[in-house]
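Visitor: Residue numbers (this note's numbering): 33 to 470. Positions of the beta carbon are idealized from the N, C-alpha and C atoms, including for glycine.
#1: What does the Cβ neighbour count give for residue 183, buried or exposed, with the cut at 16 atoms within 10 Å?
#2: Could you give the DSSP three-state label for residue 475: helix, strand or coil?
#3: Excluding sequence positions up to five away, which residues of its chain have a Cβ less than 6 Å from the Cβ of residue 199?
#4: Near residue 308, what residues of its chain come up, given a Cβ to Cβ distance below 7 Å and the 5 sequence neighbours on each side ignored?
#5: Could you have a look at residue 153 and say whether DSSP puts it in helix, strand or coil?
#6: Around the C-beta of residue 296, are 16 or more other C-beta atoms found within 10 angstroms, so that it is buried, or is it exposed?
#7: Quick one: grab the DSSP three-state call for residue 165.
#8: Looking at the unbroken alpha helix (DSSP H) that takes in residue 404, where does it start and where does it end?
#9: What three-state label does DSSP hand residue 190 in the structure shown?
#10: Less than 6 Å between C-beta atoms, sequence neighbours within five positions excluded: which residues of the same chain meet that for residue 86?
#11: Please classify residue 155: is it buried, with 16 or more other beta-carbons within 10 angstroms of its beta-carbon, or exposed?
#12: Comparing alpha-carbon positions, which option in 257, 403 and 138 lies nearest residue 455?
#13: Would you kindly work out how many angstroms separate the C-alpha atoms of residue 158 and residue 255, rounded to a whole number?
#14: Check whether the segment 331-341 touches the segment 301-317, counting contact only when three or more Cβ pairs, one atom from each stretch, lie closer than 8 Å.
#15: Determine the burial state of residue 519: buried for a count of at least 16 other Cβ atoms within 10 Å of its Cβ, exposed for fewer.
#16: Give the DSSP-derived three-state secondary structure of residue 450 in the structure shown.
#17: Starting from residue 253, follow the alpha helix (DSSP H) in both directions and report where the run begins and ends.
#18: Would you kindly report the start and end of the unbroken alpha helix (DSSP H) that includes residue 365?
#19: Quick one: give me the first and last residue of the alpha helix (DSSP H) that residue 493 is part of.
#20: Answer with buried or exposed for residue 205, where buried requires no fewer than 16 other C-beta atoms within 10 angstroms of its C-beta.
#21: For a test of the three-state rule: what should DSSP assign to residue 301, helix, strand or coil?
#22: Please go through the same chain and pick out, in chain order, the residues whose beta-carbon is closer than 6 Å to the beta-carbon of residue 344, but skip the five residues on each side of it.
#23: Rounded to the nearest angstrom, what separates residue 276 and residue 436 at their Cα positions?
#24: Quick one, which of 460, 429 and 167 has its alpha-carbon nearest residue 225's?
#25: Closer than 7 Å by C-beta to residue 230: which residues in its own chain qualify, once you throw out the five before and the five after it? Chain order, please.
#26: Buried or exposed: residue 163, going by 16 or more other Cβ atoms within 10 Å of its Cβ?
#27: Checking 7 Å against the spacing of the C-beta atoms, do residue 392 and residue 337 come in under that value?
#28: Would residue 260 and residue 137 be called neighbours here (beta carbons separated by less than 7 Å)?
#29: What do you get for residue 290, buried or exposed, if any count of 16 or more other CB atoms within 10 angstroms of its CB means buried?
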C-alpha cells in the first residue's frame, strides 16, 4: 500500500485521530512515574541484580500501558472517531509524539545515570580532543593528560599527582587483559582508566561537540540532555516514517515510551541513540528516494558511531538494484574509512583503541550465551556467523514485497539477529531496535 490509510472501519477519521488523546496523556504520566521510581533507586552499575529487578518491573508496566494504548485505537474507531482532550494536538501526531517523548525523558534529567558510568568516559574523551590531543593517543591514567583532571572525574587524583602509569599496548592474554581493565574508584569515576577509548571517530566527534558546549561543572548532564534530545528527534522521525507509509504515526510512542529508550538514551545518555537517529534518517532517505549517496552516508555515520551498524547494510541493498546498492555500500564504507583517516595520520595503529582488547575480553563465557545453551563456545561463534550471513543473504535477495525503498524491516531483523547471536549483556546495545512499529 502506497497511499495513507485515511479512514477507520466505520468510515470516520484516520485511526490516529480516532485514538482518545486523554488515554495517551494518562499512559505517559503512568510511565513517567514508573521511571521516576526507578531513578530514585540510584546507580545500579555494581548491583546488576537490582537493575534486573527494577527494569523488569518497568517492562511489565510498559507492556500493560502499550496494550491499553493499542486497544484505545480500536475503541476510538468503534466510537466513530471521537477525539478526547486536545483536539489540535490530536491532529498533529508528529508534534504530539515529540512533546510526549520529551515529557517522559524529562524526569531522567534530574538524576545521575542509573545503569552505568559510561558518560564519564564521553566527557573525558571530548575534553581530551578539545585540548588538542587525539583521543586514541593516551589512556586516561596517563600523566601526560594530568592537566585535564578535575574533582568530578578524578576525585582522588589531583593534576599535580602522578598515577604512575603510562600508555602501553593492551595484552593479548585474556586474564592479563582483565587485570588491566580493573577500575580504581578511589581515584577516578572513569571506568577502565588504563584502557584506550573503544569508540569510533563519529562517536568521538559527538563527544567533542557536546563537551564544547558543556561546562566542566555540569559533569555528564550535557550528554544526558543530548541523549534525550536525540531520543525525541528519533521518535518524531519514526512518526514521520509511519505517516509516510500510511500507518498510524502515534505508534511511534511505543518507541518513545520504551524502557530501554527512556533509561538508556536520556538518563543513561548512551551514544547508541545516535546510531538509531542516523539509521532512521537513512530509512527515511531511502523511502523518499533521495539518492544512494545520502543513504550510504547516513549508514556510514551510524557505523562510525559504533561499528555494529555495518551488519544492517545488507538491508539497504538489493541484487535487483545493483548500481544503487553498490553506491550505498561504497559510500557507507568510505564514510567510516575517511572518519578514521585523520586519526590514523595522527597516531597510526593506536587508532584501533581498545577494539582488539574488547574482542579478546568478549571471547569468553558471556559471548553468544543463548547459542551456548545448545553448543560450545567455538561452535556458537561459528553458528552466529552462519546465522548472520544467512539473514544478510535473505535481506539482499528479499522478495519484491520488501521494497528497496523501505529497508526498515530488513535492517531491523539484521541488527536483531546480531544481538540474538552475540547476546550482549548491556541493554543499550539494543537502542537502535527498541520496540518498533515494524
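Guide: Well, looking at it:
#1: For the purposes of this step, residue 183 is taken as residue 151 along the chain shown, with counting starting at 1. Answer is exposed; the Cβ neighbour count stays below 16.
#2: Outside the displayed range of the chain (33 to 470) lies residue 475, so it cannot be described from this structure.
#3: As a working note, residue 199 is residue 167 in the chain shown. Closer than 6 Å at the Cβ level, and outside the excluded window around residue 199, lie 170, 171 and 174.
#4: By one-based count along the chain shown, residue 308 stands at place 276. The residues 266, 463 and 464, in chain order, have a CB closer than 7 Å to that of residue 308 in the same chain once the five nearest residues on each side in sequence are set aside.
#5: Looking up residue 153 in the chain shown gives position 121. The DSSP-derived three-state label of residue 153 is helix.
#6: On the chain shown, position 264 is the one that residue 296 refers to. When all chains shown are included, residue 296 counts as buried.
#7: Looking up residue 165 in the chain shown gives position 133. Secondary structure of residue 165 (DSSP, three-state): coil.
#8: One-based indexing of the chain shown puts residue 404 at position 372. Counting along the chain, no alpha helix (DSSP H) covers residue 404, and no H or E run does either.
#9: Along the chain shown, one-based indexing puts residue 190 at 158. Correct three-state label for residue 190: coil.
#10: Stepping through the chain shown from its first residue, residue 86 is reached at position 54. A distance below 6 Å between beta-carbons, with the five flanking residues on each side excluded, links residue 86 to the following residues of its chain, in chain order: 70 and 73.
#11: Locating residue 155 in the chain shown gives position 123, where the first residue counts as 1. With a 10 Å radius around the Cβ and a threshold of 16 neighbouring Cβ atoms, residue 155 comes out buried.
#12: Sequence index remark: in the chain shown, residue 455 carries index 423 (1-based). Measuring from the Cα of residue 455, the nearest candidate turns out to be 403.
#13: Working through the chain shown from its first residue, we reach residue 158 at position 126. Working through the chain shown from its first residue, we reach residue 255 at position 223. Each residue's alpha carbon lies about 11 Å from the other.
#14: The segment 301-317 and the segment 331-341 touch, with three or more beta-carbon pairs separated by less than 8 Å.
#15: As displayed, the chain neither begins before 33 nor continues past 470, which places residue 519 out of reach and without an answer.
#16: As a position in the chain shown, residue 450 is number 418, starting the count at 1. In this structure, residue 450 counts as helix in the three-state DSSP scheme.
#17: Position 221 of the chain shown, counted from the start, is the residue given in the question as residue 253. First-last of the alpha helix (DSSP H) with residue 253: 253-276.
#18: For this step, residue 365 is matched to residue 333 along the chain shown. First-last of the alpha helix (DSSP H) with residue 365: 354-379.
#19: It is not possible to answer for residue 493, since the shown part of the chain is limited to 33 through 470.
#20: Counted from its first residue, the chain shown places residue 205 at position 173. Exposed is the label assigned to residue 205, since fewer than 16 other Cβ atoms lie within 10 Å of its Cβ.
#21: In the chain shown, residue 301 corresponds to position 269, counting from 1. When DSSP states are grouped into helix, strand and coil, residue 301 belongs to the coil group.
#22: Within the chain shown, numbered from 1, the residue matching residue 344 stands at position 312. Contacts found: 443, 446 and 447.
#23: Taking the first residue of the chain shown as position 1, residue 276 is located at position 244. Taking the first residue of the chain shown as position 1, residue 436 is located at position 404. Within the model, the alpha-carbon separation for residue 276 versus residue 436 is close to 15 Å.
#24: Looking up residue 225 in the chain shown gives position 193. For residue 225, the closest alpha carbon among the candidates 460, 429 and 167 is that of 167.
#25: Looking up residue 230 in the chain shown gives position 198. 385, 386, 387 and 390, listed in sequence order.
#26: For the purposes of this step, residue 163 is taken as residue 131 along the chain shown, with counting starting at 1. With fewer than 16 other Cβ atoms inside 10 Å of its own Cβ, residue 163 counts as exposed.
#27: In the chain shown, counting from the first residue as 1, residue 392 sits at position 360. In the chain shown, counting from the first residue as 1, residue 337 sits at position 305. At the C-beta level, residue 392 and residue 337 stay beyond 7 Å of one another.
#28: Mapped onto the chain shown, residue 260 falls at position 228. Mapped onto the chain shown, residue 137 falls at position 105. Going by C-beta atoms, residue 260 is nearer than 7 Å to residue 137.
#29: If you number the chain shown from 1, residue 290 lands on position 258. Around the beta-carbon of residue 290, 16 or more other beta-carbon atoms lie within 10 Å, marking it buried.
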